[in-house]
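**Q** I am attaching a structure below and will ask some questions about it afterwards.
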Amino acid sequence: MKRRDFLKTSAGAGVAAGAALSLGGYEKLWGAASNSEKYDVVAVMGGNPDAMFDLGIQELGGMGAFVKKGQKVLVKPNIGWDVIPDLAANTNPLLVRRIIEHCLKAGAREVYVFDHTCDNWVNTYRNSGIERAAKAAGAKVVPGNTENYYQQIEIPGGVRLKRTKVHQLLLETDVWINVPILKDHNSTRMTSCLKNTMGLVWDRGWWHANDLHQCIADYALYEKKPVLNVVDCFNVMVKHGPKGVSKEDVVQMKSQILTADWVAGDAAAARMLGIEPEKIDYIPMAHKAGLGNMKLDSLNIRRIKM
Amino acid sequence: MTSPFLRTFRIVFSAIVLVCFLIIFIDLRYKIPSEYINVLIYLQFVPSVLKFYDLRVMAAGGFVIVLLLTLLTGRTYCSFLCPLGIGQDLFSRIGGRLRKKFRRFGYKRPHTIIRYSLLAVTLVVTLVWGVYLLTLLDPYSIFGRFTTYFARPVVILINNFLANILGKFDNYSLHHINVKGYQLLSYSIPAAFFILVGTLSLMKGRLYCNMVCPVGTLLGLLSKISVLRVRFEDNKCTRCGRCAIVCKSSCIDFLRLDIDNSRCVECFNCIRACPDEALSFGVVRIGRKEHKTDESKRKLIAGALLGIAGIGSLAKAQNNSVPTPKKGTTVREEKTYPVAPPGAGSIEEFNKLCTACSLCISVCPNQVLQPALQEYGLVNMMQPVMNFHKSFCTFNCTRCTEICPTYALKPLELDAKKLTQIGRVIFIKDNCIVKTDKTACGACSEACPTKAVYMVPYEGNLVIPETNESICIGCGHCEYACPTTPYKAIYVDGNAVHVAAERPEIREAEISAPEEFPF
């Protein structure tokens with residue numbers, strides 16, 4: 173990407189964010205809404221990533237339902253690949269920014285953002301637009317590029333994955349919010365909530381070498397689960413995932429899925445790609461392990477079109 | 440000029456130059472723009488000669504400026520512009536602090552035979568066989584290797600130590616950097632030279648520059664006829680000898696009021712030291728002194744020139760820089776050729792021009808460039824080679840091609856680089872997790888920037904890699920990502936000659952955005 177294009181894109185994103193704020197009406201969405209009903213999944217369609225999040229989080233009772241005053245929060249987007257936001261290989265920076273703003277508004281003491289990138293991490297943090305967006309929102313952007321940031325954890329009950337090294341931030345923060353972007357994936361067919369955890373760990377290669385699907389499901393057993401999953405389906409890479417080659421790989425779906433149940437989140441996300449959740453091995457594995465509910469019919473889903 | 444500020448000016452100027460060189464080699468954040476780097480290395484003598492030899496345009500002729508500068512001012516290059524020379528001055532200073540003996544130089548006879556033989560042999564070997572000896576002896580390349588192999592890792596360790604402390608205070612302005620150490624043997628030559636240059640400069644001032652360095656010797660020949668030089672005003676001199684003691688080149692014979700201008704590096708220490716203003720830097724006075732002729736020197740040079748003329752014609756017949764191809768059928772990775780960095784054009788051309796200064800190794804943000812051992816043949820040891828077990832080449836980066844001082848790596852526009860095939864992907868199905876373990880993997884295809892590696896249906900729900908060599912550019916991300924051991928299931932075999940890869944075919948997506956929620 174040329175620097176000029178990058179600046180244009182970033183400036184555009186900034187203007188869009190500013191415009192969204194200045195349009196008003198969203199201010200009232202910051203606080204906890206007083207809806208009595210509890211939804212398992214909230215799905216929003218038809219808006220910009222930040223506006224959809226404002227609506228969605230309100231339906232879930234506001235960020236205050238997930239982040240308590242004084243807590244340290246880890247926001248974990250997918251920042252895997254050294255590409256520009258338009259190519260949708262990384263979580264939308266607007267969304268990341270908005271989530272951080274909500275966390276701080278809810279009283280978070282500190283918000284951290286990191287990912288164990290696949291491409292060169294400095295370039296990836298920069299070109300994804302996430303570093304800039306997260307810093308602008310007031311978060312700390314933390315490197316995850318060397319092994320000494322990672323600490324050993326045990327996963328009792330794991331079939332293949334019984335121990336692994338996770339980033340120290342995951343252990344040091346009080347809660348974490350999973351913010352994957354929905355993408356096609358060449359071997360697991362889809363990457364979303366559960367697969368996004370591969371960016372929390374140091375040795376991804378070991379997962380690949382030891383039954384990838386089982387490792388993904390096993391990791392979900394680890395006690396520190398996300399309090400909230402926000403699946404970015406604004407621009408969706410429907411082929412050549414997870415890295416993509418060109419903009420032709422991307423379809424604009426203008427959607428977002430919010431849920432505390434990451435198995436349900438993955439099941440809904442799979443449907444967005446036109447895949448039955450049962451076909452993606454790690455989803456039924458996690459379902460059977462009792463880590464969430466992939467039976468979308470039995471869930472209370474709130475669907476909103478903007 | 441007899442001003443003592445000449446020396447001060449030299450020290451300040453050279454300190455700035457040295458710091459700039461250290462910065463470009465140790466830039467841990469890869470933030471120094473290539474243009475600045477190119478300005479700094481433009482005047483480096485040997486790289487500039489090689490670049491000119493390759494491009495044959497005067498724009499690449501920084502060495503001409505150096506030659507003219509030498510004709511005008513003597514070996515100012517050695518004191519003001521050569522990072523190795525400046526580094527030695529620093530060492531001499533340290534040596535002088537350590538022991539009094541090391542800061543009292545005094546006049547010594549020149550090592551005439553050694554220095555001219557080395558110059559002649561270097562010239563002959565370079566013209567006839569290639570850059571091997573130049574690689575060893577080019578002062579800029581030696582300096583580059585010192586910083587890349589020794590100074591940079593030390594700075595990284597300090598950085599990591601500080602990053603650790605800051606991290607404890609929740610501050611992440613510094614980050615950890617992995618030191619990807621090189622193969623042990625590739626340290627041998629830089630280490631040997633470090634001991635040689637380090638010891639000589641610590642104890643004997645500029646003895647290395649006046650005995651070994653072929654650039655110093657060559658410029659010394661020219662400076663014999665330079666316009667400006669350090670000279671005696673003999674009616675003022677009291678023969679106190681202070682000048683000779685501070686002369687790092689040991690080239691002032693104060694009893695005879697003679698300065699060996701071929702060894703003088705214009706450090707101006709003597710001018711500063713002289714209490715009687717008997718030394719000055721100015722236009723030479725012709726006919727003041729009888730110059731004795733050194734017959735053995737003449738013969739040696741003549742011999743060397745004859746040698747060049749006689750065997751120069753053999754040069755074209757020599758073509759042994761490309762390693763011989765190997766073929767294998769086992770599941771071991773069998774590379775026919777090593778992978779040379781983008782911009783190399785061909786391994787043969789690359790080997791001819793690279794003096795292993797290691798600047799590309801230092802500036803590679805992915806640290807995929809490693810010094811070669813025997814990959815290009817032992818004579819091309821220390822030239823950079825892509826090591827895909829350690830890292831991979833970043834798709835949208837052209838850093839190494841932008842800064843190569845000798846043009847061994849030619850500049851590549853990003854769009855061209857993305858289509859330059861430096862090697863081709865080879866898949867070993869029998870090593871693949873999907874086949875051996877019957878579990879999903881796809882790490883290779885996941886990483887591929889062009890989808891030259893893609894997945895096709897295998898048994899049951901599984902998919903297995905398949906490759907399309909024509910769109911592969913040889914970035915090595917697949918090889919790096921492949922989790923199998925000890926041999927990878929996918930690797931990149933180098934191209935002896937880099938070629939253009941085809942563009943990946945672009946097709947519209949078949950899936951469209953859902954109108955309603957599909958759940």
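So the protein lines, in turn, are chains A and B. For the first sequence, this note's numbering gives the first residue as 173, with consecutive numbering after it. For the second sequence, this note's numbering gives the first residue as 440, with consecutive numbering after it. Backbone N, C-alpha and C fix where the C-beta goes; we use that ideal spot for every residue, glycine too.
1. Is the Cβ of B:E947 closer than 8 angstroms to any Cβ of chain A?
2. Given that A:W348 touches chain B, what residues does it touch there, using C-beta distances under 8 angstroms?
3. When DSSP builds the beta bridges, which residues end up paired with A:M217?
4. Could you have a look at B:R543 and say whether DSSP puts it in helix, strand or coil?
5. Determine the burial state of B:L489: buried for a count of at least 16 other Cβ atoms within 10 Å of its Cβ, exposed for fewer.
6. Tell me the DSSP secondary structure of B:F720 in three-state form.
7. A:D421: buried (16+ other C-beta within 10 angstroms of its C-beta) or exposed?
8. Can you pull the chain B residues whose beta carbon is under 9 angstroms from the beta carbon of A:W126, in chain order?
9. Using a Cβ-Cβ distance under 8 angstroms, would B:S951 count as near chain A?
10. For the alpha helix (DSSP H) containing A:N368, list its first residue and its last residue.
11. What did DSSP end up calling A:A432 once you bin it into helix, strand or coil?
12. Taking DSSP as the reference, what is the three-state secondary structure of A:L471?
13. Assuming contact is defined by CB atoms lying nearer than 8 angstroms, are A:L232 and A:Y284 in contact in what I supplied?
14. Counting beta carbon pairs with one atom in the stretch 219-229 of chain A and one in the stretch 415-433 of chain A, are three or more of them shorter than 8 angstroms?
15. Which whole-angstrom value is the C-beta distance of B:P844 and B:C796, which I expect to be below 8 angstroms?
16. So, at 7 angstroms on beta carbons, what are the nonlocal neighbours of A:L483 in its own chain, with the 5 sequence-adjacent residues on each side left out?
17. Just reading off the beta strand (DSSP E) that B:P578 is part of, what are its end residues?
18. Confirm, please, whether the CB-CB distance from A:S359 to A:V403 is below 8 angstroms.
19. Going by DSSP in three states, B:S701 sits in which element: helix, strand or coil?
20. Just list the alpha helix (DSSP H) runs in the stretch 253-341 of chain A, keeping only unbroken ones of 4 residues or longer that don't cross its boundaries, in chain order.
21. I need the straight-line Cα distance from A:Y211 to B:R468, nearest angstrom please.
22. Residues in its own chain within less than 8 angstroms of B:V666 by CB, not counting five upstream and five downstream?
23. Starting from A:I349, trace the beta strand (DSSP E) in both directions and tell me its first and last residue.
24. Out of curiosity, what's the CA-to-CA distance linking B:P925 and B:G862?
25. Restricting to Cα atoms, I'd like to know which of B:V873, B:K547, B:L508, B:C836 is closest to B:D699.
26. Could you tell me if B:D854 is buried or exposed, where buried requires 16 or more neighbouring beta carbons within 10 angstroms of its beta carbon?
27. Can you give me the C-alpha to C-alpha distance between B:L601 and B:L613, rounded to a whole angstrom?
28. Start and end of the beta strand (DSSP E) containing B:V864?
29. In the DSSP assignment, find the unbroken alpha helix (DSSP H) run with B:I455 in it and report its ends.
30. For B:L667, which residues does DSSP report across the bridge?
31. Determine the direct distance from the alpha carbon of B:E705 to that of B:E716, and round the result to whole angstroms.
32. Distance cutoff 8 angstroms, beta carbons only. Does A:A268 sit that close to anything in chain B?
33. Sorted by chain position, which residues of the same chain lie with C-beta nearer than 7 angstroms to B:T515's C-beta, five sequence neighbours on each side aside?
34. How about B:A590: is its C-beta nearer than 8 angstroms to some C-beta of chain A?
35. For the stretch 429-453 of chain A, list every residue whose C-beta sits within 8 angstroms of some C-beta in chain B, in sequence order.
36. Using a Cβ-Cβ distance under 8 angstroms, would A:D254 count as near chain B?
**A** The short version:
1. yes
2. Those within 8 angstroms of A:W348 in chain B number zero; the least Cβ separation is about 17 angstroms.
3. A:S427, A:K477
4. coil
5. buried
6. It is a strand residue.
7. Result: buried.
8. With chain A covering 173 to 478 only, the question about residue 126 of chain A has no answer from this structure.
9. yes
10. That residue, A:N368, is in no alpha helix (DSSP H); it is neither H nor E in DSSP.
11. coil
12. coil
13. Taking 8 angstroms as the Cβ cut-off, A:L232 and A:Y284 do not qualify as a contacting pair.
14. yes
15. 6 angstroms
16. The requested residue 483 of chain A does not occur in the structure, where chain A is confined to residues 173 to 478.
17. It is not in any beta strand (DSSP E) - B:P578 instead sits in the alpha helix (DSSP H) that spans 578-585.
18. Their beta carbons are not under 8 angstroms apart, which means A:V403 does not touch A:S359 by this criterion.
19. coil
20. 265-277, 293-299, 302-309
21. 46 angstroms
22. L510, L511, T512, V722, V723
23. 347-351
24. 21 angstroms
25. B:K547
26. With fewer than 16 other beta carbons inside 10 angstroms of its own, B:D854 counts as exposed.
27. 7 angstroms
28. 859-866
29. Here the alpha helix (DSSP H) through B:I455 covers 444-465.
30. B:V722
31. 16 angstroms
32. At residue 268 of chain A the sequence reads Val, which differs from the Ala that was named. Not one chain B Cβ lies under 8 angstroms of A:V268.
33. Once the five neighbours on either side are set aside, the close Cβ partners of B:T515 are L508, E705.
34. no
35. Taking 8 angstroms as the Cβ-Cβ cut-off against chain B, the residues of the stretch 429-453 of chain A that qualify are A439, A440, R443, M444, L445, G446, K451, D453.
36. yes
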